[in-house]
Amino acid sequence: MTITVKMKKFTFLLVLAIVSVGIGTVSAQSLQEVVYLKNGSVIRGTIIEQVPNESLKIQTSDGSVFAYKMADVEKISKEQVNGRSAGNALTGSAAGFSGNGRGPQKGYRGFVDLGYTIGTGDFGLDRVEFSTSHGYQILPCFFAGVGVGAHYYSDADAVEIPIFADLRADLLKHSVCPFIDMKIGYTVHEDTGFYFNPMVGVRFAVGSRSAVNFGIGYTMQRIEFWYSYDGYSYSDSINCGGFSIKLGFEF
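For the sequence shown, the working numbering gives the first residue as 463, with consecutive numbering after it.
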């Protein structure tokens, strides 16, 4: 009889423990961490890393990881999971940006590039190229800005300064993604002429907003000049085009 009573008590306590653990688990699973950003974005998930007063990383339900500076965070809270929030881990301007937290971020973007162009054709001249572009990430995959460069032609001992509009499309929202870039403008300084530089490449993210870019493309550089002969003068232009390779840093 005593053994039977003890067994009943043990069974009751075991069932009670299992039910308590189950309730605790369900309660824990029904809560999720929510990060509210100052720009109005809301990110729901699990905070996997947090450096006090510096930065945090939050992982959403689809496995994506987002990194933010604490200066951009309005508040952090734990909230009940519901069907709507479970299916929509991102709201506001964060939605569609940075599939893993290290793709292009909405807002200002700046680029510094160093490259070399191998001249082609009858008037092709090799040159070292430096350029910087600054603008705004308008859409998750589209950047628009303006820039200026300096091209040094060693054979001609000349320097050209292109001023251009810079348009760029990032094809994926990942830390490693291909891109298409197009610079179009006009060159001034020692010679003048139309400037056009389409390029394809790969972006390697090294931070929440910083990245290293590698690209190859073609540079069209028209050079305008004047002929004067026997009292007559007229203008003409040639293309000092070439294939270019560039390495750059994004911030």
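All C-beta atoms, glycine included, are put in the ideal place defined by N, C-alpha and C. All figures in this text were calculated on a predicted structure; none of them were measured in a lab.
Would you call residue i buried or exposed, if buried means 16 or more other Cβ atoms sit within 10 Å of its Cβ?
i           : result
residue 514 : exposed
residue 681 : buried
residue 586 : buried
residue 601 : exposed
residue 570 : exposed
residue 486 : Residue placement at residue 486 cannot be trusted, given a pLDDT of 48 that sits under 50; what the coordinates show is reported in the next sentence. Counting Cβ neighbours within 10 Å, residue 486 comes out exposed, since fewer than 16 surround it.
residue 628 : buried
residue 622 : buried
residue 575 : buried
residue 694 : exposed
residue 657 : buried
residue 683 : buried
residue 708 : buried
residue 562 : Below a pLDDT of 50, predicted positions are generally treated as unreliable, and residue 562, at 46, falls in that range; no measurement from the model is reported.
By Cβ distance below 7 Å, which residues in the same chain neighbour residue i in space, the five residues on each side in sequence not counted?
i           : result
residue 674 : 666, 668, 711
residue 539 : 496
residue 685 : 653, 655, 699, 700, 702
residue 517 : 529, 530, 531, 532
Using alpha carbons as the reference points, say which of the options lies closest to residue i.
i           : options            : result
residue 653 : 605, 698, 502, 632 : 698
residue 592 : 584, 610, 606      : 610
residue 706 : 713, 660, 631      : 660
residue 638 : 644, 658, 676      : 676
residue 533 : 645, 542, 501, 521 : 501
residue 596 : 589, 626, 588      : 626
residue 588 : 635, 616, 630      : 616
residue 607 : 646, 577, 584, 590 : 646
residue 527 : 584, 512, 582      : 512
Regarding residue i and the ligand ATP, is the C-beta to nearest heavy atom distance less than 7 Å?
i           : result
residue 493 : This structure simply doesn't include the ligand ATP, nor any ligand for that matter.
Below 8 Å on the Cβ atoms is my contact criterion, and I expect residue i with residue j to pass it. Report the Cβ-Cβ distance as a whole number of Å.
i           : j           : result
residue 579 : residue 704 : 4 Å
residue 605 : residue 640 : About 14 Å; that fails the 8 Å criterion.
residue 630 : residue 619 : So it is not a contact: roughly 32 Å between Cβ atoms.
residue 664 : residue 679 : Their Cβ separation, rounded to whole angstroms, is 13 Å, which puts residue 664 and residue 679 out of contact at 8 Å.
Spatial neighbours of residue i within its chain, please: CB distance less than 8 Å, with the 5 preceding and 5 following residues excluded, ordered by chain position.
i           : result
residue 594 : 572, 573, 574, 575, 609, 610, 611
If you drop the 5 nearest sequence neighbours on each side, which residues of the same chain put their C-beta closer than 6 Å to that of residue i?
i           : result
residue 557 : Unreliable placement is indicated for residue 557, whose pLDDT of 46 sits below 50; the coordinate value is still reported in the next sentence. Excluding residues within five positions, none has a Cβ falling inside 6 Å.
### Query
Is it a yes or a no for the segment 643-661 touching the segment 501-519, going by three-plus beta-carbon pairs under 8 Å?
Contact between the segment 643-661 and the segment 501-519 is absent, with fewer than three C-beta pairs closer than 8 Å.
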